[in-house]
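Enquirer: Its first residue numbered 289, the sequence shown is counted upward by one per residue in the numbering used here.
Every residue, glycine too, gets a C-beta built ideally from N, C-alpha and C.
All values derive from a computational prediction rather than experimental measurement.
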Amino acid sequence: MKAVFDYPRSLKDTPFHFCPGCHHGLIHRLVAEAIDAHGLQNDCIGVASVGCSVFMYNYFDVDVVEAPHGRAPAVATGVKRVHPDKIVFSIQGDGDLAAIGTAEIIHTANRGENITIIFVNNTTYGMTGGQMAPTTLLGQVTTTSPYGRQFQQDGYPIRMAEMLATLEGSAYVARVAVDRPANLKKAKRSIRDAFRMQKEGLGFSFVEVLSACPTDWKMSPLDACKRVGEEMVPYFPLGVYKEREAADHL
């Protein structure tokens with residue numbers, strides 16, 4: 289019988305600990321499928337950030353290094369420079385990457401470090417109680433914005449993909465979503481492309497993934513998926529913002 293669906297080799301068969309409806313599991317699968325597709329499992333090193341994504345070492349069957357809060361791109365840079373023949377990646381949340389880790393992600397991209405960052409944007413600090421994040425939408429209620437985010441006091445949600453795409457060192461920058469099957473297919477393609485860019489030595493690759501957090505949003509998983517499409521996508525448009533061709537890197 290022909291197999292049409294199988295468990296990724298790069299994922300461990302371990303109980304799922306994320307909240308019901310959380311999209312981290314989907315994102316893990318897409319990353320693992322990309323690693324498998326490129327045959328990278330034995331040549332891959334992950335860097336665990338701080339936040340809901342920290343437990344990647346429990347899920348991925350690859351070597352993983354722990355990083356301090358926000359410093360995953362810096363740690364990944366060090367790992368890649370010591371092991372330039374390895375594929376180095378990290379999965380970071382919006383609080384980790386776009387708040388305490390802003391300097392690290394911007395300068396890593398600007399230097400064109402040949403690593404891959406998967407950025408999970410769920411507009412909240414998921415692990416620590418649902419506080420306002422740099423990506424929290426205007427009007428969104430969180431534990432630290434009980435009346436909704438106001439630009440006069442809190443500023444505007446940061447569009448990380450657009451910002452990083454302007455930097456000369458970035459080779460591939462895309463924003464995807466995992467709220468429905470059609471978007472999942474596009475996300476799968478973009479994550480594979482991001483790993484391919486690193487494999488070909490073209491520079492820094494970055495995929496932002498719009499993701500649901502039903503627990504902190506106080507929504508059902510179905511309503512949380514609807515929110516991604518109806519509220520997040522209009523402010524964070526999907527698409528490939530930058531893709532370097534091999535000739536551009538000469």
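(1) Apply the 10 Å Cβ neighbour rule to VAL367 and answer buried if 16 or more other Cβ atoms are within range, or exposed otherwise.
(2) Output yes or no for whether 8 angstroms exceeds the beta carbon distance between PRO296 and ARG317.
(3) Assign ALA362 to one of three DSSP states: helix, strand, or coil.
(4) Of all the options THR503, GLU488, ILE446, GLY417, which has the alpha carbon lying nearest to the alpha carbon of HIS326?
(5) Rounded to the nearest angstrom, what separates GLN486 and ILE405 at their Cα positions?
(6) Check for me: the beta strand (DSSP E) holding LEU498 runs from which residue to which?
(7) Taking a contact to mean a Cβ-Cβ separation below 8 angstroms, would you say SER499 touches HIS311 in this structure?
(8) Comparing C-alpha positions only, which one of ALA291, LEU314, VAL292, PHE306 sits nearest to PRO469?
(9) Just the Cα atoms here: how many angstroms apart are THR412 and PRO502?
(10) Per DSSP, which residues does GLY389 bridge with? Please list them.
(11) Going by other Cβ atoms of all chains shown within 10 Å of its Cβ, with 16 needed for buried, is ALA291 buried or exposed?
(12) Can you tell me the Cα-Cα spacing of HIS439 and MET420, whole angstroms?
(13) Can you check the segment 405 to 484 for any alpha helix (DSSP H) of at least 4 residues that lies completely inside it and give the ranges in chain order?
(14) Who does GLY527 pair with in a DSSP beta bridge?
Expert: With the structure as the only source:
(1) Classification for VAL367: buried.
(2) yes
(3) helix
(4) GLU488
(5) 10 angstroms
(6) 492 to 498
(7) yes
(8) LEU314
(9) The C-alpha of PRO502 is placed about 11 angstroms away from the C-alpha of THR412.
(10) In the DSSP output, where bridge partners are listed per residue, GLY389 has none listed.
(11) Exposed: under 16 other Cβ atoms inside 10 Å.
(12) In the sequence on display, residue 439 carries Phe and not His. If I take the Cα positions, the gap works out to 12 angstroms.
(13) 439 to 442, 448 to 453
(14) ARG463
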